[in-house]
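**Q** Before I ask anything, let me first share the structure, which is written out below as structure tokens.
Residue numbers (my numbering): 4 to 356.
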């Protein structure tokens, strides 16, 4: 069986994807699977890379011209893509984790690892996800969302609304972005305006969210309909919050504690909400659910779900799974199996009246 690992992408999280893909490719059982590496450039161009996998991690693969094939053939007969039995899209952020590539694989009837079109799209859209979480009875922090056009036309009104509902500090986030890209914690009106302008560089829809002085708790979910949740872990950032550098570039910028030092009741509630959030978005395969526990009163809030969490050497998702006895290689194997299982269920759907 041939696994097509797709990495890169037209996204602000391009480099994160390369690092994650390196570890995924290294972990795939080469005696059981053949691996085809499919790269997507920041400009959105697809190609096959057949060189050293270390060059993927270092982002130098494109310099290895003799091992780069720009004529991947997409879904043409006998093309590279047609040789792939299941895709493993190790893509983070827009154009990869947001349902777009999942729709591409679905149209061409190709199995793939991870959440489907709807779950991926909702998981990427922080506001849409919050609506579903609230509907499922999972607590979320107070928030306001707005579009670039609204900010341009009525900035003063929006600032007043934010300052009425929320109190400083406030988090400003691009709605459709992950890995903490474009996120700012603001303490004044001036910082708020600057943060919104920065977030608009990454998305046209912005989320303003109440800052909670809380502990950052995460939980890994694995499975399809009968998904299970891992032992929760805790991120103890050395910075003001768990930002991009802490997550992917600097392992010393935060401390990871697995299991999280919380009560048994809190851990059970985290796991319960993680599975309920996964079900609320119609998830499949995997996700990482992120929570806050308010230091003042112990209240638990869901922050977001990541339908393709990081798979680097310092990423929380594989660390939590490994803590529970699932090795990195076993995790990759299980994800491939879940992707095939999901596709078989999809293929059985009746298409005629």
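By construction, the Cβ of each residue, glycine as well, lies at the ideal position given by its N, Cα and C atoms.
Quick one: what does DSSP say residue 134 is sitting in, helix, strand or coil?
**A** By 1-based counting over the chain shown, the position of residue 134 is 131. In the structure shown, residue 134 sits in a helix (DSSP, three-state: H, G or I).
**Q** Assuming residue 274 is part of the alpha helix (DSSP H), what are its boundary residues?
**A** One-based indexing of the chain shown puts residue 274 at position 271. Residues 267–283.
**Q** Among 238, 30 and 316, which residue has its Cα nearest to the Cα of residue 292?
**A** Here residue 292 refers to the residue found at position 289 of the chain shown. Cα-wise, what sits closest to residue 292 is 238.
**Q** Anyone know if the C-beta pair for residue 188 and residue 171 falls short of 7 Å?
**A** Translated into positions along the chain shown, residue 188 becomes position 185. Translated into positions along the chain shown, residue 171 becomes position 168. If you check the CB distance, residue 188 and residue 171 do not come in under 7 Å.
**Q** How many angstroms separate the CA atom of residue 87 from the CA atom of residue 8?
**A** Position 84 of the chain shown, counted from the start, is the residue given in the question as residue 87. Position 5 of the chain shown, counted from the start, is the residue given in the question as residue 8. The straight-line gap from Cα to Cα measures roughly 9 Å.
**Q** What did DSSP end up calling residue 52 once you bin it into helix, strand or coil?
**A** As a position in the chain shown, residue 52 is number 49, starting the count at 1. Strand.
**Q** Run the CB neighbour count on residue 204, radius 10 Å, all protein chains shown included, and call it buried at 16 or more, exposed below.
**A** Indexing the chain shown from 1 puts residue 204 at position 201. Residue 204 should be labelled exposed.
**Q** Mapping DSSP to helix, strand and coil, what is residue 340?
**A** Translated into the one-based positions of the chain shown, residue 340 becomes position 337. Residue 340: helix per DSSP, three-state reduction.
**Q** Which residues mark the beginning and the end of the alpha helix (DSSP H) in which residue 153 is found?
**A** As a working mapping, residue 153 is identified with position 150 in the chain shown. That run of the alpha helix (DSSP H) goes 151–156.
**Q** Please name the residue or residues paired with residue 34 in a DSSP beta bridge.
**A** Position 31 of the chain shown, counted from the start, is the residue given in the question as residue 34. Bridge partners of residue 34: none, in fact.
**Q** Quick check: residue 236 and residue 261, are their CB atoms within less than 7 Å of each other?
**A** If you number the chain shown from 1, residue 236 lands on position 233. If you number the chain shown from 1, residue 261 lands on position 258. Pairing residue 236 with residue 261 gives a Cβ-Cβ distance under 7 Å.
**Q** Sorted by chain position, which residues of the same chain lie with C-beta nearer than 8 Å to residue 56's C-beta, five sequence neighbours on each side aside?
**A** For the purposes of this step, residue 56 is identified with residue 53 of the chain shown, where counting begins at 1. Hits under 8 Å: 25, 28, 29 and 40.
**Q** How about the stretch 202–221 and the stretch 149–161: do they share at least three Cβ pairs that are nearer than 8 Å?
**A** yes
**Q** Starting from residue 231, follow its DSSP beta bridges and name the residues at the other end.
**A** Here the question's residue 231 lines up with position 228 in the chain shown. Per DSSP, 225.
**Q** Within the continuous alpha helix (DSSP H) that includes residue 320, where are the two ends?
**A** Indexing the chain shown from 1 puts residue 320 at position 317. Note, residue 320: alpha helix (DSSP H), 319–326.
**Q** Residue 250 by DSSP, collapsed to three states: which one?
**A** Position 247 of the chain shown holds residue 250. In this prediction, residue 250 scores a pLDDT of 48, lower than 50, which makes its location untrustworthy; no coordinate-derived value is stated.
**Q** Report yes if the CB atom of residue 125 is closer than 7 Å to the CB atom of residue 213, and no otherwise.
**A** Position 122 of the chain shown, counted from the first residue, corresponds to residue 125. Position 210 of the chain shown, counted from the first residue, corresponds to residue 213. For residue 125 and residue 213, no; Cβs fall outside 7 Å.
**Q** Mind listing, in chain order, the continuous beta strand (DSSP E) runs of no fewer than 3 residues lying wholly within the stretch 83–130?
**A** 89–92
**Q** Distance check for residue 165 and residue 200, CA to CA, integer angstroms please.
**A** One-based indexing of the chain shown puts residue 200 at position 197. One-based indexing of the chain shown puts residue 165 at position 162. Between residue 200 and residue 165, the C-alpha separation is close to 15 Å.
**Q** Answer with yes or no whether the minimum CB distance from residue 38 to chain D is below 7 Å.
**A** The chain inventory of the structure shown lacks chain D, comprising one protein chain alone.
**Q** Where does the unbroken beta strand (DSSP E) through residue 306 begin, and where does it stop?
**A** Against the chain shown, residue 306 aligns to sequence position 303. Unbroken beta strand (DSSP E) run through residue 306: 303–309.
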